[in-house]
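Asks: Sending over a structure as structure tokens; questions will come in a sec.
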Amino acid sequence: MPRLPANERSLAPFRAEIDAIDAEIVELLARRFEVVKHVIAVKKVEGLAAFLPERVEDVIDKVSAHAETKGVPPELVEKLWRQLIDWVIAYENERLG
Numbered sequence: 006m007p008r009l010p011a012n013e014r015s016l017a018p019f020r021a022e023i024d025a026i027d028a029e030i031v032e033l034l035a036r037r038f039e040v041v042k043h044v045i046a047v048k049k050v051e052g053l054a055a056f057l058p059e060r061v062e063d064v065i066d067k068v069s070a071h072a073e074t075k076g077v078p079p080e081l082v083e084k085l086w087r088q089l090i091d092w093v094i095a096y097e098n099e100r101l102g
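If you read the sequence shown in the numbering used here, its first letter stands for residue 6, the second for the next number, and so on.
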């Protein structure tokens, strides 16, 4: 581990905690991605499109409301989830043809 400058050493425990949280977020994304694979399979069978606008807005509304109850800025969560959903829709489109 690199030596931190003296004025950054007090940040070390917080950085370690953020690194651990980031690892947990990646684990959750991996779980979500596994579910996405199942969603693609169902969409293929049912002839559904990757982009379902009502579902997108439902997800955004739910995560934004949940974020607000946890003291997280809903606009941050909305921006992150829109990016995530856009990526997933593109991924689904590639697999759905």
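For each residue, glycine too, the CB sits at the ideal point set by N, CA and C.
Just checking, does the region 38-48 make contact with the region 91-98 on the three C-beta pairs under 8 angstroms criterion?
Replies: Yes, the region 38-48 is in contact with the region 91-98.
Asks: The ligand NAP and E13: does the residue's C-beta get closer than 6 angstroms to at least one heavy atom of that ligand?
Replies: This structure simply doesn't include the ligand NAP, nor any ligand for that matter.
Asks: Quick one: what does DSSP say F56 is sitting in, helix, strand or coil?
Replies: It is coil, neither helix nor strand.
Asks: Measuring only the C-alpha atoms, how far is R87 from I65?
Replies: Taking the straight line from one Cα to the other gives about 7 angstroms.
Asks: Check for me: the alpha helix (DSSP H) holding K75 runs from which residue to which?
Replies: Neither: K75 is in no alpha helix (DSSP H) and is coded neither H nor E.
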